[in-house]
Amino acid sequence: MYETKQLNVAVVSMVDGKFAVGEKLDTLAYINASLSYSAQISNVNFCSLIISDKLYEYRGSTFKTTEEIADKILNIEPIGKKIKVDIPKEIFKRCKKSLLFLVGDFLDNIDLSLLVQKYEVKAIIIRDISEENPTQIQMLQL
């Protein structure tokens, strides 16, 4: 017989000041909750990291955990925040070999070459329509 291994799913949400634009935080909370809920239904190990100016970590596969993750994301005040954490280093420390979802706007350069060696990486890009096509008034406000 073949040995079956337990699947691990990790979601890393990267939140900085650019998430104040539009409804990016709501979208991030929705994506994170959907992935967490899917992991619960599939009975797999789940880990969520929220990387902002600090690092927040959630483990477990309960509906309460899903609510805590969504609440934490929705209550983050992104204005003025910068990601000060070495993303690959923190992921290596906290997540076993797993299916890794990186969720963010990816407007900054992030080297993912180390992560690809250990994890199966899926990137989910969150953008707001006003970022893609800014109007003249928005340009003045910047």
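Residue 382 in this note's numbering is what sits at position 93 of the sequence shown, and the numbering runs on without skipping anything. Built from N, CA and C at the ideal position, the CB exists for glycine as well.
8 Å Cβ shell around residue i - same chain, five flanking residues per side excluded
| i | result |
| --- | --- |
| residue 357 | 347 |
| residue 312 | 417 |
| residue 328 | 298, 334, 335, 350 |
| residue 401 | 377, 391, 410, 412 |
| residue 295 | 333, 334 |
Own chain, CB closer than 6 Å to residue i, minus 5 neighbours either side, in chain order
| i | result |
| --- | --- |
| residue 412 | 391 |
| residue 385 | 297 |
| residue 389 | 299, 408, 410 |
| residue 370 | 305, 306, 341, 342 |
Counted within 10 angstroms of its Cβ, other Cβ atoms place residue i as buried (16 or more) or exposed
| i | result |
| --- | --- |
| residue 393 | buried |
| residue 298 | buried |
| residue 308 | buried |
| residue 321 | buried |
| residue 396 | exposed |
| residue 415 | buried |
Cβ separation of residue i and residue j, assumed to be a contact under 8 Å, to the nearest whole Å
| i | j | result |
| --- | --- | --- |
| residue 380 | residue 404 | 6 Å |
| residue 344 | residue 374 | 5 Å |
| residue 317 | residue 302 | 6 Å |
Contact under 8 Å by Cβ, residue i with residue j
| i | j | result |
| --- | --- | --- |
| residue 376 | residue 305 | no |
| residue 354 | residue 325 | yes |
| residue 314 | residue 368 | no |
Nearest neighbour of residue i, chosen from the options [CA to CA]
| i | options | result |
| --- | --- | --- |
| residue 339 | 360, 332, 326, 331 | 360 |
| residue 399 | 387, 378, 419, 331 | 378 |
Within-8 Å CB hit, residue i to chain B
| i | result |
| --- | --- |
| residue 307 | Here chain B cannot be found, since the structure has a single protein chain. |
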